[in-house]
Amino acid sequence: MIGITISHKIIFFKISKALFVVVLFASSFEVIGQSITVNSTNYKQTIDMIGGDMERSSKAIQNAQNKEDILQWSFGDINFNVCRVQYDKNQELVEGVKNWAFYDKQVATMQAIKAINPNIKFFATMRSDYDGYGDDNNMPDWIHTYSTKATNVVKYGIFLADYCEYMSNQGVPIAILSTAKEWMWHVRASEAENIINTLNTELDNRGIEKPIIIDQGFWSITAGLTYLNDVQSLGTKDLYSGFCSHNYSNLGPEKWAEISNKANSLGKPMYDDETSTGSGSPTYGEERPMWKQIDEYKEKAQRYEAGLSGEVYFEIWSRGIDKETRAIYFPANGIGTRLRGYYIMKHFSNNILNYNYLTASVTSASNVYTITFRKDDNIVLWVINESNTEYTLPITMDNSSITSAIATHYWTDNTPIEGKETSYIASGNTFIPIVEAESMNCYIFNVTEDAVDVCSLPQTILYEAECYDDMQGVSTEVSTEGTDNVTLIENGDWIKFNAIDFSAGLNKFSARVASNTSGGTIEMRMGSVSGTLIGELSVSNTGGWQSWTTQTFDFNRQSGVQDLYLVFTGNTGSLFNLNWIMLEAIPPSISLNITAGDESVSLNWTTSYVQLGTQNIYRNTSSDIGTRSLLVADVSGNSYIDTSVTNDTTYWYWVEAIDESSTVTNSEGVEGTPTDLEFDLTGVAISDTEINLSWPDEEKVESGFLVERKEGNSAYQEIANLGPNVFSFSDSGLNPLSTYTYRVKASYTDGSTNYSLELPITTFNTDYETLIFNTTEDAYVRGGDHAGLNFGGDTNLIVKQGSNSSFFRKSLLKFNLSSEDLVNDNIGRAVLKLYVNQANPCTITASEITDSWSESTVTWNSAPSSGSDIGAIDISNTTGFYELDVTAYVKNQFDDDKIISISIEDFGASNVNVLINSKEATNNIPELVINKVDYSALSISKHSDLNTINIYPNPVSNTFRVSNSLNSEVVIYNLFGNQVLKTNITQNNQSVNIDHLTSGVYFVRVKKHGNQTTTKIVKN
């Protein structure tokens, strides 16, 4: 059981029946069981910086279609007080030749932000990743010599002064400045001293307000500690208002404590100027699972505990690279949308500025973390549950009483991205929320250290048991949850609460109870000790007289204002203790689910807190509830099948319940589209004599499958009668260059499906050739410190992606198909073969890229960006050849220049190496294997225009492409046959966006020239 005991920390003296005074004695506070204790008066550092970064993204937003919305979301709706911007060497690459136009878009964005938030402070840091942290100079060569690390500190200071003056003249003055960023080994504290002094002198002479210095945006905490030690040795701490660092070397939280303590010893706060929203990932705008935000905020909890005084969220919106997801995502020149990471960032940032950090402790709840802030009487508590366990956690203030409801905002993978809101009621210094598995939870409430008259607080929902109006036989004592509890409860005792207003629809009773015996029963009676019994609650042994648990039951609604008696029954002796009761009005609700089938729609619903009288079902062909019509009246049960529907028509349904008091409850409108969705069938010719067929595993358990085939205009013949759980068939012994048409149907114990769509497939010519193309160029590229280096001559191609750019490696392949007499129609099948000589379990993805690279010069910085996914390969522990069908991509790219370029990456960030033989290896080099076929003698069937249509990649994340599909129609269905998307194809290689669909299996039907084909896709 869960419980908390206090030892001489908070003692409540009863002055009168309902008055308690808080007296603080010693500092011991013992917590038993799963719980959280907030040290509510243990004030730590003040949080005086919370900001958003646009150092690399201020230009991209100017091209977003809804930039005004994005700026409002970022700096209007969020209470940021800092915006990070860049100063850049391009300001003056040649001494004396200033290029202020370089900052035009950044200035425009800064001016727009200042118009939204006039109090914003611009924090300028160095643009430092020109060469992916390689060996490119971050400052003009006339200021700094990269090879020797020699710096002209006077010119450096004047360069920064020019920048500050220019920004001031544009109406966007720089309030905070770092002398460098991620460049400590080039700009040491000794150089920074002279740079800052020159900067300050110049700005004083020019009459420009000086920025405060917060140095230096260190790449690692280790570099930061070196810098701070130098500052201490030089005695230059008064030049700085604070220090800031990243932690891209991923050191433990103890290093954050070390650098924070070091900064504090110099009398300065410590900040993190590049923190994550939890949305950043190479996923083309697709939100990562909830664990990503949980992981990031767990690290925040550790950093604030270590002493951090604030942070700047890194790149809160996109910077024009389509694959890079951000909290506000937009593709280049596209429309920005907000992800879950935005809404969590917003709630966190709006409840932190000028608050003090408080310490807290978690007991017996594995992988639960807290972040707590307080300003005046307001406390903000974040509880981050990384585990897959749901907790009911008593949360206690060790030195304060809670004086308000607990406003709660929480997120899980199953909540809307905006999160969900609820509230809890405290008892004294404790409230007891439900903390869902893998969740983030924010609780906001008021507290006081003054004496609290508990019973004078509003008692509209939660009633303290000791605040009874009358009683028989019971007594009170100090409880471990911050107030008194009723004790010495025996059989026949009772307590009374006067004038409870039941007209508000009260229907749920909860009680906070504890027992060290066999327990007893609480009878809920109206008007008198022997009045109407409206409910009973059985209390069992909880493990101790202060081992508290909450138990509930539902009761029928009562009318009017009535006295409530709680009558206690059971065996002899003490039965249990009672801390509080809660009376709630849970509104009635109806949850409706529908499944659309062939000329039918099945409705199933559940009711909560509905006193059933009459149930009616309404229907409409639109979502307008005002024009709906009654489908069926007075329905019994909780299911109904509507067979009066027409396929391919969308219907909306509502279930209405009317109770005996004429209270009407409606479900939400739910839509469905009945469809005659034929059994799906796909296939491909793999040689001149063999065709492979496959079909999906439907939800209904089948007893077998019938496969039929015809050649030309002949009748269908059965070629296979398969058993259950068989979802593919290889048809061999066929004639070369012949068209066969297939259909399949499933049989069940109660009947069979319709036949699938007819699927025509043509075998290869007898003299089809297998052409093997090796890479003409291949290379891998590497991020981090190696982002400017070329690895085109290596014998290995490496694929890896870890937690930061230092662990990024991707491989590029280029095949030239012009050496053979090959045209697009001759490409029957194309397979990419890669020999893996070092294997680790992961999934690698092939993506589209342009041909604008050369293996002898390509680097991480110059490599073309990856486009749409082509397909994925699951790598096991086994070395050897791995294959991927790339037919659709090769046929789509072939007609341009017969050059096929492909990138191989690990988008899953598995942080393991996969080594592939390159063309420089002695054998088993990359291959593109093409089956060259000849269709010239074929009598083209009416379905030939469908044979060339390709859908890729599959599986798909957000978008797939439909090639060779001009003037066709694409319709997507879910597993239930509901139409979920319909679009017309106006280009021969058109993208279809399905990012709004949930993960799962879908069917894509392509209709062209009166014919149609269906393909199964899997959305990740």
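Per the working numbering, the very first residue in the sequence shown carries number 472; after that it's consecutive.
Virtual Cβ for every residue (Gly too), placed ideally from N, Cα, C.
None of these values were measured; they are calculated from a predicted model.
Exercise. Which residues bound the beta strand (DSSP E) around Arg1492?
Worked result: Outside the shown range of the chain (472 to 1491) lies residue 1492, about which nothing can therefore be said.
Exercise. In chain order, which continuous runs of the beta strand (DSSP E) of length 3 or greater are located wholly inside the stretch 1260-1317?
Worked result: 1267-1270, 1280-1287 and 1298-1309
For this session: In the DSSP assignment, find the unbroken beta strand (DSSP E) run with Glu1179 in it and report its ends.
Result: On the sequence shown, position 708 is the one that residue 1179 refers to. Residues Gly1175 to Glu1182.
For this session: In the DSSP assignment, find the beta strand (DSSP E) that holds Ala878 and state where it starts and stops.
Result: By one-based count along the sequence shown, residue 878 stands at place 407. Note, Ala878: beta strand (DSSP E), Ile877 to Trp882.
Problem set entry | Beta bridge counterpart(s) of Pro1231 as assigned by DSSP | Numbered from 1 along the sequence shown, position 760 holds the residue referred to as residue 1231. According to DSSP, which records beta bridges pairwise, Pro1231 is partnered with Thr1212.
For this session: Taking only beta-carbon positions, decide if Cys913 is within less than 8 Å of chain D.
Result: Here chain D cannot be found, since the structure has a single protein chain.
For this session: Could you tell me how far apart the beta carbons of Val925 and Thr954 are, in whole angstroms, since I believe they sit closer than 8 Å?
Result: Here the question's residue 925 lines up with position 454 in the sequence shown. Here the question's residue 954 lines up with position 483 in the sequence shown. So it is a contact: roughly 5 Å between Cβ atoms.
Exercise. Should Ala1186 be labelled buried (16 or more other beta-carbon atoms within 10 Å of its own) or exposed?
Worked result: On the sequence shown, position 715 is the one that residue 1186 refers to. Exposed is the call here.
Exercise. Just the Cα atoms here: how many angstroms apart are His657 and Phe819?
Worked result: Taking the sequence shown and counting its residues from 1, one reaches residue 657 at position 186. Taking the sequence shown and counting its residues from 1, one reaches residue 819 at position 348. If you take the alpha carbons of His657 and Phe819, they lie about 35 Å apart.
Exercise. Where are the beta strand (DSSP E) runs, 3 residues long or more, that stay fully inside the stretch 888-973, in chain order?
Worked result: 891-895, 910-919, 933-935, 941-943, 946-949, 955-958 and 965-972
Exercise. Assuming Ala936 contacts Thr508 under a Cβ cut-off of 8 Å, what Cβ separation, rounded to an integer in Å, is found between them?
Worked result: Counted from its first residue, the sequence shown places residue 936 at position 465. Counted from its first residue, the sequence shown places residue 508 at position 37. Actually they do not touch by this definition, with Cβ atoms about 23 Å apart.
Exercise. So, using beta-carbon positions, are Gly1006 and Phe980 closer together than 8 Å?
Worked result: As a first step, residue 1006 must be located in the sequence shown, where it is residue number 535. As a first step, residue 980 must be located in the sequence shown, where it is residue number 509. For Gly1006 and Phe980, yes; Cβs fall inside 8 Å.
Exercise. By Cβ distance, which residues of its chain are closer than 6 Å to Tyr695, with the 5 residues on each side in sequence left out?
Worked result: Along the sequence shown, read from residue 1 onward, the residue named residue 695 stands at position 224. The question names Tyr, but residue 695 is Gly in the sequence shown. Closer than 6 Å at the Cβ level, and outside the excluded window around Gly695, lie Phe689, Ser716 and Ile730.
Exercise. Apart from the five residues just before and just after Tyr813, which ones in its own chain have a Cβ nearer than 6 Å to its Cβ?
Worked result: Reading the sequence shown from its first residue, position 342 is the one you call residue 813. These residues qualify, in order along the chain: Ala798 and Ile799.
Exercise. Among Val1197, Glu1179, Pro1059 and Asp1151, which residue has its Cα nearest to the Cα of Ile1129?
Worked result: Counting from 1 along the sequence shown, the entry for residue 1129 is found at position 658. When only C-alpha atoms are compared, the closest one is Pro1059.
Exercise. When DSSP builds the beta bridges, which residues end up paired with Trp1125?
Worked result: Locating residue 1125 in the sequence shown gives position 654, where the first residue counts as 1. In DSSP, Trp1125 forms a bridge with Tyr1089.
Exercise. In the structure shown, what three-state DSSP assignment does His615 receive?
Worked result: Position 144 of the sequence shown, counted from the first residue, corresponds to residue 615. If DSSP states are grouped into helix, strand and coil, His615 belongs with the strands.
For this session: State the DSSP-derived secondary structure class of Lys1478, mapped to helix, strand or coil.
Result: Here the question's residue 1478 lines up with position 1007 in the sequence shown. Three-state DSSP puts Lys1478 in a strand.
For this session: In angstroms with no decimal places, state the Cα-to-Cα distance between Asn732 and Gly778.
Result: Counted from its first residue, the sequence shown places residue 732 at position 261. Counted from its first residue, the sequence shown places residue 778 at position 307. Looking at the two C-alpha atoms, the distance is approximately 7 Å.
Exercise. Does the Cβ-Cβ distance between Asp1345 and Thr1314 come in under 8 Å?
Worked result: For this step, residue 1345 is matched to residue 874 along the sequence shown. For this step, residue 1314 is matched to residue 843 along the sequence shown. A contact, by the Cβ cut-off of 8 Å.
Exercise. Mind checking Ser1462: buried by the 16 CB within 10 Å criterion, or exposed?
Worked result: Residue 1462 sits at position 991 when you count from the first residue of the sequence shown. Ser1462 comes out exposed.
For this session: Tell me, please, whether the stretch 611-620 touches the stretch 559-571 by the rule of three or more beta-carbon pairs shorter than 8 Å.
Result: yes
Exercise. DSSP beta-bridge partners for Lys576?
Worked result: Locating residue 576 in the sequence shown gives position 105, where the first residue counts as 1. The partner list for Lys576 (beta bridge, DSSP) is empty, contrary to what the question assumes.
For this session: Report the partner residues of Gly1351 according to the DSSP bridge assignment.
Result: For the purposes of this step, residue 1351 is taken as residue 880 along the sequence shown, with counting starting at 1. Val1307.
Exercise. DSSP three-state call for Val1506: helix, strand or coil?
Worked result: No information on residue 1506 is available, as it lies outside the stretch 472 to 1491 that the chain covers here.
For this session: Under 7 Å Cβ to Cβ from Pro760, same chain only, skipping five residues before and after it: list those, please.
Result: What you label residue 760 is simply residue 289 of the sequence shown in a count that begins at 1. Around Pro760: Asp884.
Exercise. Which value, in whole angstroms, describes the spacing of the CA atoms of Gln1022 and Tyr1473?
Worked result: Residue numbering aside, residue 1022 sits at position 551 when the sequence shown is read from its first letter. Residue numbering aside, residue 1473 sits at position 1002 when the sequence shown is read from its first letter. Looking at the two C-alpha atoms, the distance is approximately 44 Å.
Exercise. Based on Cα-Cα distance, which residue from Asn1425, Tyr514 and Ile1370 lies nearest to Thr1316?
Worked result: For this step, residue 1316 is matched to residue 845 along the sequence shown. Thr1316 has its Cα closest to that of Asn1425, out of Asn1425, Tyr514 and Ile1370.
Problem set entry | DSSP beta-bridge partners of Tyr1473 | Walking along the sequence shown from the start, residue 1473 turns up at place 1002. Answer is Ile1488.
Exercise. Which residues mark the beginning and the end of the beta strand (DSSP E) in which Asn976 is found?
Worked result: Taking the sequence shown and counting its residues from 1, the one referred to as residue 976 is at position 505. According to the sequence provided, residue 976 is Gly. The question's Asn does not apply to it. Per DSSP, Gly976 belongs to no beta strand (DSSP E) and is neither H nor E.
For this session: May I ask you to verify whether the stretch 1301-1310 touches the stretch 716-725, counting CB pairs closer than 8 Å and requiring at least 3?
Result: no
Problem set entry | Reduced DSSP category for Met816 - H, G, I as helix; E, B as strand; rest coil | Indexing the sequence shown from 1 puts residue 816 at position 345. Met816 falls in the helix class under three-state DSSP.
For this session: Have a look at the DSSP bridge pairing and note the partners of Asn827.
Result: Looking up residue 827 in the sequence shown gives position 356. In the DSSP output, where bridge partners are listed per residue, Asn827 has Thr517 and Arg845.
Exercise. Would the stretch 1021-1037 and the stretch 1102-1109 be scored as touching if the rule is three or more Cβ pairs under 8 Å?
Worked result: no
Exercise. Taking three-plus beta-carbon pairs below 8 Å as touching, is the stretch 1122-1138 in contact with the stretch 1151-1161?
Worked result: Contact between the stretch 1122-1138 and the stretch 1151-1161 is absent, because fewer than three Cβ pairs lie under 8 Å.
Problem set entry | Contacting residues, own chain, Cβ-Cβ under 7 Å from Glu1326 (five flanking each side not counted) | By 1-based counting over the sequence shown, the position of residue 1326 is 855. Closer than 7 Å at Cβ, skipping near neighbours: Glu1248, Asp1249, Ala1250 and Gly1263.
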